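Trainee: Those protein sequences? They're chains P and E, same order as listed.
Under the working numbering, residues 1 to 303 are what the first sequence spells out, in order.
Under the working numbering, residues 304 to 732 are what the second sequence spells out, in order.
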Amino acid sequence: MIQEKSYQIALMMAVIMHVFVLILLSAKPANQTPVLMLSTKDKVKSIAPQEPINAVSVNHTEVEAVIERLKTQRLEQKQEEDRRQQALIKQAQIARNERIKEQQQLKKLKEEAAAAAIARKKEMLAEQKRLQELAKQKASEQKRLAELQKKQQELEKKQQAQAAQLKQQQEAAKKAQALALAEQRRKAQEVAERAAARQAEESARVAGEVDKYKALIIHAISRQWILPDQVNHQLSSQFRIRLAPNGTVLDVQLIRSSGDPILDRSAQSAIYKASPLPVPEDPKAFNVFRDISLTVRPESARG
Amino acid sequence: MLGGNAVVKQVIFFILLVFKGIPFGYALELELTQGINAALPIGINSFVGGEEANRVAQVIKHDLHLSGQFNIIPVSYASTDRALPINLWRQAGADSVLSGEIFPLGHQQYQAHFELVDAAAHGKLLWSKRYQIREEELRALAHHVSDEVYHTLTGERGVFSTRIAYILVQRNGEKRRYSLEVADMDGFHPQSLLISSEPIMSPSWSPDGTKIAYVSFEKKRSQIYTVDVATGQRRLITDFPGINGAPAWSPDGQSMVVVLSKTGVPKLYQIRLNNGAMTQLTFGKAIDTEPRFSPDGQHILFTSGRGGAPQIYQLALASGQISRVTYEGNYNAKASYTPNQKQRVMLHREDKHFHIGVQDVQSGRITALTSSPLDESPSISPNGRLVLYATQQQGRGVLGIVGIDGGVRMRLPSREGDVQEPAWSPYFG
């Protein structure tokens with residue numbers, strides 16, 4: 001971003017510098033007059049009147065040498081002058097180049113500033129446009145809301161009307177329903193009673209089966225149970241037995257040891273040896289026998 | 304979904320309630336309270352390893368059969384050298400199966416390996432062990448395996464490594480030769496501790512099994528000695544005028560009760576073994592004999608004629624009180640307690656014949672264990688399950704073993720001569 005104030009100052013300085021350089025350049029040619037000629041003229045005049053002339057025989061070669069020397073001096077001076085002029089020209093060129101560069105830079109800065117200004121303007125315009133659009137949208141939204149509200153109100157009105165209608169219908173239907181329901185209930189009760197009676201029969205049958213097979217299982221295991229000699233009659237073990245539908249003993253787990261491992265093992269062997277245990281064929285009744293908890297207590301022995 | 308679950312639960316609860324006695328959340332509950340009294344069925348595979356293995360198997364079979372608590376399932380196949388599969392043993396009725404193998408290692412050393420599995424529980428390992436032994440130890444190893452199998456399956460200590468002492472009487476025309484012998488409990492490996500031309504009687508093991516007390520008539524009168532079983536060293540205990548007889552060790556091995564008639568009538572005396580101090584225990588005019596300490600050392604059972612016919616009495620050592628113990632039969636003698644002190648074994652005569660009888664301590668009732676007419680000298684095994692006794696077979700004195708519940712009856716192998724007055728050793732070590 002170009003800051004205009006500092007740019008202006010820089011511009012000012014550059015201009016001043018260029019003017020100064022120009023002045024310098026234009027003044028320079030006055031300084032290029034050879035100094036020697038003026039000063040020697042003056043020097044020769046001033047010496048003659050003041051001192052007696054000492055006549056000195058002049059040598060050719062010496063004069064020529066002096067002339068030569070003077071010549072070379074002059075040449076050198078000229079060369080130096082030329083050189084200085086060259087240098088000055090070079091400097092002027094450099095300064096000119098710099099000036100041109102500066103001018104170009106200035107131009108660039110100006111252009112950039114202008115471009116930036118244009119861009120900003122564009123943005124502002126865009127913003128304005130957006131705001132306008134937003135305002136438009138808002139307006140349209142509000143319109144829509146208003147419309148929706150209107151619609152809703154209309155709907156409510158309709159619903160109320162419908163509700164009122166419905167109520168009337170319902171009251172009429174209710175009366176009819178009550179009558180039908182009473183009839184239904186009476187019928188359902190009859191059905192339920194019949195079902196309950198059937199289920200009681202079924203449960204009794206299943207329970208009967210269960211009791212019967214419980215006894216059969218106990219008997220089967222008992223026949224195989226060799227009591228350890230002099231076993232403590234107070235002890236008892238508890239096992240968990242899992243059965244397959246055909247009565248096969250799938251798994252025997254000791255849940256609670258009696259404390260006497262021989263007693264535990266005697267009962268475990270009996271359970272395994274009694275496999276397959278007698279179980280009911282009816283799947284509902286068998287389900288009760290899938291998982292059995294057996295408590296074993298060596299109270300007596302068969303004779 | 305939740306609603307549906309709750310309904311299902313209610314239905315299940317209802318069903319379960321219908322089947323009374325079923326606890327909610329678990330299985331059907333059953334109770335078993337009656338079993339059978341039977342011997343434990345065991346199968347013994349042919350042991351692998353030739354003659355030695357076969358002999359070891361035979362000893363084990365004999366031991367287990369002798370215990371009266373096992374039913375050795377016979378192998379109905381033609382003899383095979385291989386072990387039978389577990390399910391075949393199961394089908395044959397075995398609850399457990401014993402297998403073994405014995406390999407020679409050279410230099411008369413053998414390696415043996417045994418396994419006992421639970422056939423009912425599908426081959427679960429119950430016991431297994433490896434041994435390395437010398438040839439002469441094979442028989443002892445067999446007895447040891449019998450002990451291990453016995454203990455694993457009954458929970459009790461086996462007696463197959465114990466020994467018996469007895470008197471062997473050999474007749475040679477008019478001459479008699481008496482020897483005090485010690486043998487394995489199955490009658491094998493007899494060793495003479497003492498040989499005499501005069502009677503030897505009443506052998507009695509010390510509680511630690513190192514010594515045997517006995518009555519000797521070598522000096523033409525009765526004396527009581529003890530002999531060290533290992534060294535044969537003897538010690539004279541009593542040498543009084545009259546009867547010196549029926550030595551009985553106290554359970555702590557510190558004293559003995561003997562019968563002395565030095566006062567004119569056979570009476571019981573207690574002798575301290577370290578210093579020979581004597582105490583008279585019974586008094587009066589009746590004959591008191593055949594004393595035996597109770598296992599707890601508090602009482603002494605003895606036979607006494609103080610009630611008329613010989614009956615069993617008990618002396619309480621602390622109080623000195625004497626009470627009568629037997630009221631059945633017309634003759635009761637030689638009584639001793641089982642190790643658990645719940646029963647007494649004795650010589651019992653109902654009418655004319657002597658039997659070995661077992662008396663229930665609590666009720667006092669006596670049951671006959673044996674039935675042949677000349678049974679005598681009962682001696683109880685250290686685990687209280689078997690009774691060793693002397694009997695007659697074909698005119699010769701032999702030893703028999705009977706189970707305390709009357710189960711097994713066996714005769715030990717007969718010897719040249721009459722075997723009498725057996726005494727069962729205690730456990731060793």
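Heads up, the beta-carbon is just placed ideally off N, CA and C, and yes, glycines get one too.
All figures in this text were calculated on a predicted structure; none of them were measured in a lab.
Tell me whether the beta-carbon of residue 192 (chain P) lies closer than 8 angstroms to the beta-carbon of residue 225 (chain P).
Mentor: Stepping through the first sequence from its first residue, residue 192 (chain P) is reached at position 192. Stepping through the first sequence from its first residue, residue 225 (chain P) is reached at position 225. In this structure, residue 225 (chain P) does not lie closer than 8 angstroms to residue 192 (chain P) by Cβ.
Trainee: When DSSP labels each residue in this structure, what does residue 328 (chain E) get in the three-state scheme?
Mentor: One-based indexing of the second sequence puts residue 328 (chain E) at position 25. Caution is warranted here: a pLDDT of 47 is assigned to residue 328 (chain E), below 50, making its placement in the model unreliable, and the coordinate value is therefore given only provisionally. Coil.
Trainee: Identify the contact partners of residue 262 (chain P) in chain E, using a Cβ-Cβ distance below 7 angstroms as the criterion.
Mentor: The residue labelled residue 262 (chain P) in the question sits at position 262 within the first sequence. Neighbours of residue 262 (chain P) on chain E, chain order: 457 and 458.
Trainee: Taking buried to mean at least 16 other C-beta atoms within 10 Å of its own C-beta, is residue 488 (chain E) buried or exposed?
Mentor: Stepping through the second sequence from its first residue, residue 488 (chain E) is reached at position 185. Buried, since its Cβ has 16 or more Cβ neighbours within 10 Å.
Trainee: Assuming residue 350 (chain E) contacts residue 360 (chain E) under a Cβ cut-off of 8 angstroms, what Cβ separation, rounded to an integer in Å, is found between them?
Mentor: Position 47 of the second sequence, counted from the first residue, corresponds to residue 350 (chain E). Position 57 of the second sequence, counted from the first residue, corresponds to residue 360 (chain E). In this structure residue 350 (chain E) is in contact with residue 360 (chain E), their Cβ atoms being roughly 4 angstroms apart against a cut-off of 8 angstroms.
Trainee: Note down, in chain order, every chain P residue with its Cβ under 7 angstroms from the Cβ of residue 341 (chain E).
Mentor: Here residue 341 (chain E) refers to the residue found at position 38 when the second sequence is read from its first residue. By Cβ distance, chain P contributes 226.
Trainee: Provide the residue(s) that pair with residue 400 (chain E) in DSSP beta bridges, ordered along the chain.
Mentor: Along the second sequence, read from residue 1 onward, the residue named residue 400 (chain E) stands at position 97. In DSSP, residue 400 (chain E) forms a bridge with E:346 and E:420.
Trainee: Counting only C-beta atoms, is residue 336 (chain E) closer than 8 angstroms to chain B at any point?
Mentor: Within the model displayed, chain B is absent; protein chains P and E are what it includes.
Trainee: Does any CB atom of chain P fall closer than 8 angstroms to the CB of residue 536 (chain E)?
Mentor: In the second sequence, counting from the first residue as 1, residue 536 (chain E) sits at position 233. Answer no: the Cβ-Cβ gap between residue 536 (chain E) and chain P never drops below 8 angstroms.
Trainee: Chain P beta carbons: is any one of them nearer than 8 angstroms to that of residue 398 (chain E)?
Mentor: Stepping through the second sequence from its first residue, residue 398 (chain E) is reached at position 95. Closer than 8 angstroms: yes.
Trainee: For the stretch 398-431 of chain E, which residues have a CB atom closer than 8 angstroms to at least one CB atom of chain P, in sequence order?
Mentor: 398, 421, 423, 424 and 425
Trainee: Give a yes or no on whether 8 angstroms exceeds the smallest Cβ distance from residue 222 (chain P) to chain E.
Mentor: Translated into positions along the first sequence, residue 222 (chain P) becomes position 222. Closer than 8 angstroms: yes.
Trainee: Does the separation of the CB atoms of residue 608 (chain E) and residue 589 (chain E) fall below 8 angstroms?
Mentor: Sequence index remark: in the second sequence, residue 608 (chain E) carries index 305 (1-based). Sequence index remark: in the second sequence, residue 589 (chain E) carries index 286 (1-based). Cβ distance < 8 angstroms, so residue 608 (chain E) and residue 589 (chain E) count as in contact.
Trainee: For residue 630 (chain E) versus residue 604 (chain E), is the C-beta spacing smaller than 8 angstroms?
Mentor: Along the second sequence, read from residue 1 onward, the residue named residue 630 (chain E) stands at position 327. Along the second sequence, read from residue 1 onward, the residue named residue 604 (chain E) stands at position 301. Against a cut-off of 8 angstroms, the Cβ pair of residue 604 (chain E) and residue 630 (chain E) comes out as no contact.
Trainee: I'd like the list of long-range same chain contacts for residue 402 (chain E), defined as Cβ closer than 6 angstroms, with 5 residues on each side in sequence excluded.
Mentor: Mapped onto the second sequence, residue 402 (chain E) falls at position 99. For residue 402 (chain E), where only same-chain residues beyond five positions count, the Cβ hits under 6 angstroms are 348, 386 and 418.
Trainee: Apart from the five residues just before and just after residue 426 (chain E), which ones in its own chain have a Cβ nearer than 6 angstroms to its Cβ?
Mentor: One-based indexing of the second sequence puts residue 426 (chain E) at position 123. So the list reads 389 and 420, once near-sequence residues are dropped.
Trainee: Going by beta-carbon coordinates alone, are residue 677 (chain E) and residue 705 (chain E) separated by less than 8 angstroms?
Mentor: Translated into positions along the second sequence, residue 677 (chain E) becomes position 374. Translated into positions along the second sequence, residue 705 (chain E) becomes position 402. No. Outside cutoff.
Trainee: In this structure, how does DSSP classify residue 568 (chain E) when only helix, strand and coil are distinguished?
Mentor: If you number the second sequence from 1, residue 568 (chain E) lands on position 265. Reduced to three states, the DSSP call for residue 568 (chain E) is coil.
Trainee: What first and last residue would you give for the alpha helix (DSSP H) that runs through residue 392 (chain E)?
Mentor: For the purposes of this step, residue 392 (chain E) is taken as the residue at position 89 of the second sequence. Segment 389-395, the alpha helix (DSSP H) holding residue 392 (chain E).
Trainee: What does residue 527 (chain E) pair with, by DSSP beta-bridge criteria?
Mentor: In the second sequence, counting from the first residue as 1, residue 527 (chain E) sits at position 224. E:518 and E:541, per the DSSP bridge assignment.
Trainee: With which residues is residue 427 (chain E) paired in a DSSP beta bridge?
Mentor: As a first step, residue 427 (chain E) is located in the second sequence; it is residue number 124 there, counting from the start. DSSP output for residue 427 (chain E) lists E:421 as bridge partner(s).
Trainee: Find the residues of chain E that neighbour residue 268 (chain P), judging by a C-beta separation of less than 7 angstroms, and give them in chain order.
Mentor: Position 268 of the first sequence, counting from 1, holds the residue named residue 268 (chain P). Going along chain E in sequence order, the residues near residue 268 (chain P) (Cβ under 7 angstroms) are 424.
Trainee: Taking DSSP as the reference, what is the three-state secondary structure of residue 620 (chain E)?
Mentor: To locate residue 620 (chain E), count along the second sequence from 1; it is residue 317. Coil, per DSSP.
Trainee: Provide the residue(s) that pair with residue 322 (chain P) in DSSP beta bridges, ordered along the chain.
Mentor: This structure leaves residue 322 (chain P) out entirely; chain P is present only between 1 and 303.
Trainee: Please state if the CB of residue 651 (chain E) and the CB of residue 632 (chain E) are separated by a distance shorter than 8 angstroms.
Mentor: In the second sequence, residue 632 (chain E) corresponds to position 329, counting from 1. In the second sequence, residue 651 (chain E) corresponds to position 348, counting from 1. For residue 632 (chain E) and residue 651 (chain E), yes; Cβs fall inside 8 angstroms.
Trainee: Leaving out the 5 sequence neighbours to the left and right, which residues in its chain are closer than 6 angstroms to residue 44 (chain P) when beta-carbon positions are compared?
Mentor: In the first sequence, counting from the first residue as 1, residue 44 (chain P) sits at position 44. Bear in mind that a pLDDT of 46 at residue 44 (chain P), under 50, signals an unreliable position, so the model cannot answer this.
Trainee: Determine the DSSP secondary structure at residue 676 (chain E), reduced to helix, strand or coil.
Mentor: Taking the first residue of the second sequence as position 1, residue 676 (chain E) is located at position 373. In this structure, residue 676 (chain E) counts as coil in the three-state DSSP scheme.
Trainee: For the stretch 354-384 of chain E, list every residue whose C-beta sits within 9 angstroms of some C-beta in chain P, in sequence order.
Mentor: 372
Trainee: Taking residue 258 (chain P) as the query, report the chain E residues whose CB atoms sit under 8 angstroms from its CB, ordered along the chain.
Mentor: The residue given as residue 258 (chain P) occupies position 258 in the first sequence. Chain-order list of chain E residues neighbouring residue 258 (chain P): empty, with the shortest C-beta distance near 12 angstroms, by a criterion of under 8 angstroms.
Trainee: For the beta strand (DSSP E) containing residue 482 (chain E), name the first residue and the last one.
Mentor: Taking the first residue of the second sequence as position 1, residue 482 (chain E) is located at position 179. Taken as a continuous stretch (DSSP letters only), the beta strand (DSSP E) holding residue 482 (chain E) covers 478-487.
Trainee: Does the stretch 499-506 of chain E come within contact of the stretch 516-535 of chain E, defined as at least 3 CB pairs closer than 8 angstroms?
Mentor: Judged by Cβ distances under 8 angstroms, the stretch 499-506 of chain E makes contact with the stretch 516-535 of chain E, as three or more pairs qualify.
Trainee: State the CB to CB distance for the pair residue 414 (chain E) and residue 437 (chain E), rounded to an integer number of angstroms; the pair is presumed to be in contact (CB under 8 angstroms).
Mentor: Sequence index remark: in the second sequence, residue 414 (chain E) carries index 111 (1-based). Sequence index remark: in the second sequence, residue 437 (chain E) carries index 134 (1-based). Actually they are not in contact, since the Cβ atoms of residue 414 (chain E) and residue 437 (chain E) sit about 11 angstroms apart, beyond 8 angstroms.
Trainee: Got a sec: does the ligand MN put a non-hydrogen atom nearer than 7 angstroms to the Cβ of residue 98 (chain P)?
Mentor: Summarising the ligand content, the structure contains no ligands, and the ligand MN is consequently not present.
Trainee: If the criterion is Cβ atoms closer than 8 angstroms, does the pair residue 510 (chain E) and residue 729 (chain E) meet it?
Mentor: Walking along the second sequence from the start, residue 510 (chain E) turns up at place 207. Walking along the second sequence from the start, residue 729 (chain E) turns up at place 426. In contact: residue 510 (chain E) and residue 729 (chain E) (Cβ atoms closer than 8 angstroms).
Trainee: Determine, for residue 175 (chain P), whether the minimum Cβ-Cβ distance to residues of chain E falls below 8 angstroms.
Mentor: Stepping through the first sequence from its first residue, residue 175 (chain P) is reached at position 175. Residue 175 (chain P) does not count as touching chain E.
Trainee: CB-CB under 6 angstroms to residue 300 (chain P), same chain, minus the five flanking residues each way: which ones, in chain order?
Mentor: By 1-based counting over the first sequence, the position of residue 300 (chain P) is 300. Closer than 6 angstroms at Cβ, skipping near neighbours: no residue.
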